[in-house]
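Worksheet: the structure to be examined is printed underneath.
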Amino acid sequence: MNDSTLLQLLNARFAAAFTAAGAPGANPVIQPAARPEFGDYQANGAMGAAKQLKKNPRELAQAVIDHVDVSGIADTLEIAGPGFINIKLSDAFLASRANAALADAKLGVPLPAKQTVVVDYSSPNLAKEMHVGHLRSTIIGDALARLLAFLGHDVVRQNHVGDWGTQFGMLTAYLVEQDRAGNTAIALDDLENFYRAAKVRFDADPAFADTAREYVVKLQGGDAQVRALWQQFLDVSLSHCEAIYRKLGVQLTRADVRGESAYNDDLPRVVADLRQQGLLVEDQGAQVVFLDEFKNKEGEPAAYIVQKQDGGYLYSTSDLATLRYRSGTLHCNRSLYVVDARQGLHFQQLFTLGRKAGYVPADMQLEHVAFGTMMGEDGRPFKTRSGDTVKLVELLDEAVSRAHALVSEKNPDLDEATRQQVAQAVGIGAVKYADLSKHRTSDYVFSWDSMLSFEGNTAPYLQYACTRIAGVFRKAGELAVDAPIAITEPAEHALALELARFADVVNATAAEALPHFLCGYLYQLATQFMRFYEACPILKSEGTVLASRLQLAKLTGKTLETGLGLLGIEALEAM
Ligand code: ARG
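Going by this note's numbering, the sequence shown opens with residue 58, and the numbers climb by one from there.
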């Protein structure tokens, strides 16, 4: 294992040089080179530091070059423009990084200080069936959880399902009716219809509505019979979710479910505590906290409601209790909420109040990992042709069957079993990758054609690159020479440089919770491999060159496979 990433290494060396050159503490601003002519990396800190010290930036840059110790790392350092330092890494250094990565289960990624990280994701409302709105949270959250676990953190997955509230009175009451009619199993087969039918009953029949309200009270009061019905409903609803998790290959299990109801007993205590701290104000009968940090349209402090007029609690109240649980019981260092961007204000207010009320220590990071809406190709929120919400199960099945057709067309020789396996990996991979490869905060257009394309930044392209590499090894067979990676050709240098960046990309992806960083990197890596493959014949070379190139290909394959794995996408041997 390497003890530092490439950026960490260059940063440390150049920071020391800035200090030695008379600019102590200056940030060296190390970045990948903007263009290949500029070398591999650039240190752009001289301009900023010189300005502060009222020095000439090119002179400072020269002093940094005179002092920097990059022996064994870089061949040439050059000053460009107003004081950029261009860094060309040495072939031997890149080769040694590649050899170290190849020998390491973590591919040379140094493990950061271990943290406990909560990832709150998927978190559907169990009253209804999961819909496309939950797809992004499920996919993004799962990728982040895998990534953080890869970096050695303790990841606590939390499926904060909506399993509490007045809807469940209506649903359990309707369950009793259906039970009496002997329809339960059939009725629960389609939760969407079940919910709709219950709502129709609720709106049409005052007697049923009264029963439903009675059930809410009983449910909250802990009535054994109603609780059992509620539990029965939740079980069915959760198994619907789990069917989707299985199809998606998402790692959530029952043990990760900790829904709103889990915090129920704590809600009166939260409200009492806020009251005791003098944070609570009664406003039109409701209990609210006024937050000066947030102004409403009239310029007055926004009210964060924690208890309704009728005594009922809200989403906000249970999220406050959740905060206390995650800090007080789980002792997490970082809590990620992978939730639709439209809930942004809720989370900002929650975090502000949580800190004010002392529910989270100052050094615990709270992050709303917000994402935009999934749009149809018509530019409107994704719906079926008739305007209904799209059922996730159907969407995922369609992905697999489209991939099946595609694979059958591209490779008619594959046997049916392999074809199905490939279709599964490509179809699900395409859906996930299309989502993960876009900046998550923007809305994105769901397009079958572009996500299933074999060209461009798509899952099939990356999976295909993996099969190309596997193909090289199938052809290579047993090798006579076993030699480490050695680099001489520019295309080898470029590929090894790309490989050496993996750790920094993984770190940045985890730090910013932005999976598209990793996607962009994998695409770049695959592209660089294809260039290397064209420029440096592998199987036509011999001896140590052959061995070295094979090893480079092997590391590329492992890096692509690991990277895809961190995104929850399967790599393929053949397709
Ligand atoms: N159930 C919510 C929804 O479907 C998402 C919950 C997110 N997590 C949280 N702690 N609020 O919108």
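Glycine is no exception: its CB is placed at the ideal position from the N, C-alpha and C atoms. Please read all numbers here as calculations on a predicted model, not as lab measurements.
- Beyond the five residues adjoining it in sequence on each side, L245 comes within less than 7 angstroms, by CB distance, of F251, V293 in the same chain, given in chain order.
- When distances are taken from the beta-carbon of G219 to the heavy atoms of ligand 1, the shortest one is below 7 angstroms.
- For H425, the enclosing beta strand (DSSP E) starts and ends at 422-428.
- Of the heavy atoms belonging to ligand 1, at least one sits nearer than 7 angstroms to the Cβ of T379.
- Residue pairing for R253: DSSP places it in no beta bridge.
- For V327, the shortest C-beta to heavy atom distance toward ligand 1 is 7 angstroms or greater.
- When L575, H550, T613 are compared, the shortest CA-CA separation from L624 is found for L575.
- Note: T173 is bridge-paired with D211 in the DSSP secondary-structure output.
- Taking each of S504, D148, Q364 in turn and checking the Cα distance to L337, the smallest one comes out for Q364.
- Under the three-state reduction of DSSP output, A74 falls in the helix class.
- In this structure, the C-beta of Y394 approaches ligand 1 to less than 7 angstroms from one of its heavy atoms.
- Closer than 7 angstroms to some heavy atom of ligand 1: that describes the Cβ of N182.
- Pairing D148 with I544 gives a Cβ-Cβ distance under 8 angstroms.
- D199 has its Cβ no nearer than 7 angstroms to any heavy atom of ligand 1.
- Taking non-hydrogen atoms of ligand 1 into account, the C-beta of D177 is found less than 7 angstroms away from one of them.
- Sequence-distant partners of P85 (beyond 5 residues in either direction) whose C-beta falls short of 7 angstroms from its own C-beta, in its chain, are N68, F71, A72, F75, A100, G102.
- R326 has its alpha-carbon roughly 10 angstroms from the corresponding atom of R332.
- Scanning the region 342-371 for uninterrupted beta strand (DSSP E) segments of 3 residues or longer gives 343-352, 358-364, listed from N- to C-terminal end.
- For the set G129, A91, P139, W221, the Cα lying nearest the Cα of K108 is the one of P139.
- Taking the CA atoms as reference points, Y578 sits about 20 angstroms from F95.
- Unbroken alpha helix (DSSP H) runs of no fewer than 4 residues, entirely contained in the region 554-629, are found at 559-569, 572-592, 600-623, following chain order.
- Under DSSP, no beta-bridge partner is assigned to N390.
- Between the alpha carbons of Y521 and V483 lies a gap of roughly 10 angstroms.
- Comparing alpha-carbon positions, the option among I142, V127, P93 lying closest to L117 turns out to be I142.
- Annotation for Y98: the continuous beta strand (DSSP E) segment containing it runs 98-100.
- Following the DSSP letters along the chain, one finds K413 inside the alpha helix (DSSP H) bounded by residues 401-413.
- As a beta-bridge residue in DSSP terms, A131 pairs with L146.
- Residue environment: D177 is assigned as buried (16 or more neighbouring CB atoms within 10 Å of its CB, all protein chains considered).
- Distance from the Cα of N113 is smallest, within the candidate group D97, S128, I136, D126, for I136.
- Under DSSP, N216 takes part in a beta bridge, and its partners are V314.
- If you check the CB distance, R476 and V464 come in under 8 angstroms.
- In this structure, the C-beta of D470 stays at least 7 angstroms away from each heavy atom of ligand 1.
- Between L387 and Y416, the C-beta spacing is not below 8 angstroms.
- With respect to L151, A557 sits close: the two C-beta atoms are nearer than 8 angstroms.
- Beta-carbon to beta-carbon, Q366 and R391 are separated by about 36 angstroms, too far to satisfy the 8 angstroms threshold.
- Taken atom to atom, the span from the alpha-carbon of G198 to that of S179 is near 7 angstroms.
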